[in-house]
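Chains H and B, in that order, are what the protein sequence lines are.
Residues 10 to 268 in the working numbering are what the first sequence lists, from first letter to last.
Residues 3 to 218 in the working numbering are what the second sequence lists, from first letter to last.
Read the structure below first, then the notes.
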Amino acid sequence: MHRPTSPLAFLLLLLALCAGGTVACAAENQDEDRNSKLAQLFIVEPYLELREGPGRGYAITQVTPRGESIDVLYRRTEWFRVRTSRGVEGWAYEADMLKARWADGSPFTVDRGDRSGFTSHRWEIGVQAGDFGGATLISGYVSRAFNEQLALELTASQFLGNASNGWLLDLGLAHVFKPEWRLSPLVTLGTGMIHIEPKGTLVQPEDRTNQTAYAGVGLRYYWTRRFFVRGEYRSNMVFTDRNENEEIDEWKLGFAFFF
Amino acid sequence: MEIGVRVFLLAPLLLAMAAPAAFGQSEPSEDGPRVIEPEVERRAVNKPQIDTENWEVGGYAGVLSIEDFGSNPVYGIRADYHITEDFFFEANVGRSTAGKTSFETLGGDVTLLPPGDRRLTYYNLSLGYNLLPGEVYLGRNIAMNSSLYLIGGVGATEFAGDQHFTINFGAGYRLLPTDWLAIHVDVQDLMFQSDLLGESKLANNLGAWLGFTVFF
């Protein structure tokens, strides 16, 4: 049965179509934007192998020949998700990708997890365990480098002892001497807050939060890939309300990685 | 002899004077043939930054057996950073609430811990190793990447009004239905020294949980 369309319904339909069209158009634009944001590289070696997964054990299912272009979608560790000009997607290895070229013929470069990355990197995350004035210490830090030698570091630590528990939050600078050496010394300096919760069985002492300052020395040793070992000593000065300030020795050792 | 020396000294001078004329002849004139100088404009190539997807963030829920306090629900959040194809770093925070000990169940009104102290909160900083990476096939058309990993680390547990240095270790299985979504099944032991029930002993708290994470 055919029913005449009312003007209102027609208007609504028209609006819906327009809106749909606009959305579709916007989506298309977004798609184009995304495509233009992808890095386009050209294969200059005889071929580029593409694997099913981001790992050395995954099967090679596709090969892209010389002269073809690839779009780099994203990177996960040492593997790049790429799409060939024929629309095939797969994972390419970092070492193979470094042999590809940009459209202007310049070589493709990326930051790699090797000794040069150890010498010069932007971010560092580390986990350490050790001793804090007789208590067990667990510590984690994030570091942002300004250059090869100087970095800003944020450290969060927790100490668990027989007499008291607590945490520390420090912000400071680390200066690495000879960052190009595999074993490089560093000095640290900074300030922070300490929160101490004494364990009392008979008398219940109050928790306290004080400001601290620290100075320390350390060593970092490049291990492999993106990893290094870092050990350090810090001398912490706790500014208390009492007449005497408290000094706490901190020793810690752990691993860190850069990216 | 003296003339010979003079000629010898003058010769280079004469040669130097004659040289520009000689070279001038070889210079291309305006009309004559000239070497083609390539004036190809270098194509300005857009070199966008490549998106890295090494972070994995999500949550999990499961069961944690708290030594002497029965098996209880546990839930938590986790963040992983994939350092290399083999190793990843994980930070996680979890929470559970201890049930009753058998002593409390049998003893009627006896309570070992006030309700506030029954809450167990822990965190771990761990290093994981992808031991068995692989692929699983569901039916004819679906293939998913997967990995069985080992994980271990240090952390702290707050339980029964005290904090304990904790060592965690275990294994997990990661399944990736898509490149950005992962399903995890983890089994871990959280170990800490506890003197809650009189003598000091190593408490083994075994747990298993199911989680979802997103790569970005």
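Beta carbons are placed, not taken as given, at the ideal position from N, Cα and C, and that holds for glycine.
Keep in mind that this is a model prediction, so the values were computed, not measured.
From the DSSP output, read off the bridge partner residues of Lys261/H. Here residue 261/H refers to the residue found at position 252 when the first sequence is read from its first residue. Answer is Gly139/H and Glu241/H.
Mind checking who Glu58/H pairs with in its DSSP beta bridge? Locating residue 58/H in the first sequence gives position 49, where the first residue counts as 1. Note: Glu58/H sits in a beta bridge opposite Val72/H.
Excluding the 5 residues flanking Gly72/B on each side, which residues of the same chain have their C-beta closer than 6 Å to its C-beta? Stepping through the second sequence from its first residue, residue 72/B is reached at position 70. Here the set comprises Gly101.
What do you get for Glu69/B, buried or exposed, if any count of 16 or more other CB atoms within 10 angstroms of its CB means buried? Within the second sequence, residue 69/B is the residue found at index 67, counting from 1. Residue burial annotation: Glu69/B is buried, with at least 16 other C-beta atoms found within 10 angstroms of its C-beta.
Are the stretch 107-120 of chain B and the stretch 140-156 of chain B touching by the rule of at least three beta carbon pairs closer than 8 Å? No, the stretch 107-120 of chain B does not touch the stretch 140-156 of chain B.
Against chain B, with Cβ distances strictly below 7 Å, would Leu163/H count as a contact? Numbered from 1 along the first sequence, position 154 holds the residue referred to as residue 163/H. No - not a single Cβ of chain B is within 7 Å of the one on Leu163/H.
Run through the DSSP bridge pairs and tell me what Ile144/B is partnered with. Residue 144/B sits at position 142 when you count from the first residue of the second sequence. Leu140/B.
So, is the C-beta of Asp8/H closer than 7 Å to a C-beta in chain B? As shown, chain H starts at 10 and ends at 268. That puts residue 8/H outside it, with no answer to give.
Please decide whether Ala138/H counts as near chain B, where near means a Cβ-Cβ distance under 7 Å. Position 129 of the first sequence holds residue 138/H. Closer than 7 Å: yes.
CB-CB under 7 Å to Glu37/H, same chain, minus the five flanking residues each way: which ones, in chain order? Here residue 37/H refers to the residue found at position 28 when the first sequence is read from its first residue. Below a pLDDT of 50, predicted positions are generally treated as unreliable, and Glu37/H, at 47, falls in that range; no measurement from the model is reported.
Ranges of the beta strand (DSSP E) found wholly within the stretch 81-160 of chain B, counting only runs of at least 3: Those beta strand (DSSP E) runs which fall completely within the stretch 81-160 of chain B and span 3+ residues are 89-99 and 121-140.
So, Asn81/B versus Ala63/B, is the Cβ gap smaller than 7 Å? Mapped onto the second sequence, residue 81/B falls at position 79. Mapped onto the second sequence, residue 63/B falls at position 61. It should be noted that the sequence gives Ala, not Asn, for residue 81/B. Contact flag unset, no.
In whole angstroms, give me the CA-to-CA distance for Arg217/H and Ala158/B. For the purposes of this step, residue 217/H is taken as residue 208 along the first sequence, with counting starting at 1. For the purposes of this step, residue 158/B is taken as residue 156 along the second sequence, with counting starting at 1. Approximately 20 Å, taken between the alpha carbons.
What's the C-alpha gap between Tyr292/B and Arg75/H? Nothing can be reported for residue 292/B, as the shown portion of chain B is limited to 3 through 218.
Taking 8 Å as the limit between beta carbons, can you name the residues of its chain near Trp132/H, skipping five residues before and five after? As a position in the first sequence, residue 132/H is number 123, starting the count at 1. Excluding sequence positions up to five before and after Trp132/H, its CB lies within less than 8 Å of the CB of Val151, Ser152, Arg153, Ala154, Phe267 and Phe268, all in the same chain and listed in chain order.
Out of curiosity, what's the CA-to-CA distance linking Ser244/H and Asn147/B? Here residue 244/H refers to the residue found at position 235 when the first sequence is read from its first residue. Here residue 147/B refers to the residue found at position 145 when the second sequence is read from its first residue. If you take the alpha carbons of Ser244/H and Asn147/B, they lie about 48 Å apart.
Going by the DSSP bridge assignment, what does Leu199/B pair with across the sheet? For the purposes of this step, residue 199/B is taken as residue 197 along the second sequence, with counting starting at 1. DSSP output for Leu199/B lists no bridge partner at all.
Report yes or no: is there a C-beta of chain B within less than 7 Å of the C-beta of Phe248/H? Indexing the first sequence from 1 puts residue 248/H at position 239. Closer than 7 Å to the CB of Phe248/H there is not a single CB belonging to chain B.
Return the chain-ordered list of same chain residues with a C-beta closer than 7 Å to the C-beta of Tyr145/B, the five sequence neighbours on each side being excluded. As a first step, residue 145/B must be located in the second sequence, where it is residue number 143. The amino acid occupying residue 145/B in the given sequence is Ala; Tyr does not appear at that position. Cβ neighbours of Ala145/B beyond the five flanking positions: Glu137 and Tyr139.
Give the DSSP bridge partners of Met202/H, in chain order. For the purposes of this step, residue 202/H is taken as the residue at position 193 of the first sequence. Beta-bridge analysis with DSSP links Met202/H to Leu178/H and Gln220/H.
Residue-chain proximity (Leu1/B, chain H), Cβ-Cβ < 7 Å: Any question about residue 1/B goes unanswered here, given that chain B covers just 3 to 218.
Can you give me the C-alpha to C-alpha distance between Glu206/H and Gly154/B, rounded to a whole angstrom? Mapped onto the first sequence, residue 206/H falls at position 197. Mapped onto the second sequence, residue 154/B falls at position 152. Near 28 Å, if we compare the C-alpha coordinates of Gly154/B and Glu206/H.
I'd like to know if Val156/B contacts chain H, where contact means its C-beta is closer than 7 Å to some C-beta of that chain. Against the second sequence, residue 156/B aligns to sequence position 154. Residue-level contact by beta carbon holds for Val156/B and chain H, with a gap shorter than 7 Å.
With a cut-off of 8 Å, do at least 3 Cβ pairs link the stretch 182-193 of chain B to the stretch 164-174 of chain B? Using a C-beta cut-off of 8 Å, the stretch 182-193 of chain B makes contact with the stretch 164-174 of chain B, since at least three inter-stretch Cβ pairs fall below that distance.
Check whether Ser166/H and Leu177/H have beta carbons under 7 Å apart: In the first sequence, counting from the first residue as 1, residue 166/H sits at position 157. In the first sequence, counting from the first residue as 1, residue 177/H sits at position 168. Between Ser166/H and Leu177/H, the CB-CB gap stays under 7 Å.
Check Ser193/H in the structure and name its three-state DSSP category. Position 184 of the first sequence, counting from 1, holds the residue named residue 193/H. In this structure, Ser193/H counts as strand in the three-state DSSP scheme.
Alpha-carbon spacing of Ala174/H relative to Ser149/B, whole angstroms: By one-based count along the first sequence, residue 174/H stands at place 165. By one-based count along the second sequence, residue 149/B stands at place 147. Contrary to the premise, residue 174/H reads as Asn rather than Ala in this sequence. If you take the alpha carbons of Asn174/H and Ser149/B, they lie about 38 Å apart.
Give a yes or no on whether the minimum CB-CB distance between Gln39/H and chain B is below 7 Å. Looking up residue 39/H in the first sequence gives position 30. Per-residue confidence for Gln39/H stands at a pLDDT of 49, beneath the threshold of 50, marking its modelled position as unreliable; the derived number appears in the next sentence. Chain B, which has no Cβ nearer than 7 Å to the Cβ of Gln39/H, makes this no.
Closer than 6 Å: is that where the CB of Ser73/B sits relative to any heavy atom of the ligand COA? Annotation note on the ligand COA: not contained in the displayed structure, which lists no ligands.
Using a C-beta cutoff of 7 Å, does Ile85/B count as contacting chain A? Note that chain A does not occur in the displayed structure, where the protein chains are H and B.
So with Cβ pairs under 7 Å, would you call Glu41/B a contact of chain H? The residue labelled residue 41/B in the question sits at position 39 within the second sequence. For Glu41/B, the answer is no, since every Cβ of chain H falls outside 7 Å of its Cβ.
Gly72/B (DSSP reduced to helix, strand or coil): Residue numbering aside, residue 72/B sits at position 70 when the second sequence is read from its first letter. Here Gly72/B sits in coil by DSSP.
Residues of chain H with CB closer than 7 Å to the CB of Gln165/B, please, in chain order. Here the question's residue 165/B lines up with position 163 in the second sequence. Neighbours of Gln165/B on chain H, chain order: Leu169 and Asn174.
Using DSSP bridges, identify the partner residues of Gln165/B. Here residue 165/B refers to the residue found at position 163 of the second sequence. DSSP lists Glu160/B as partners of Gln165/B.
According to DSSP, is Phe127/H part of a helix, a strand, or is it coil? Start at 1 with the first residue of the first sequence, and residue 127/H comes out as number 118. Of the three classes helix, strand and coil, the one that applies to Phe127/H here is helix, per DSSP.
Return no unless some Cβ of chain H is closer than 7 Å to the Cβ of Glu55/B. As a position in the second sequence, residue 55/B is number 53, starting the count at 1. Yes, its Cβ sits closer than 7 Å to a Cβ of chain H.
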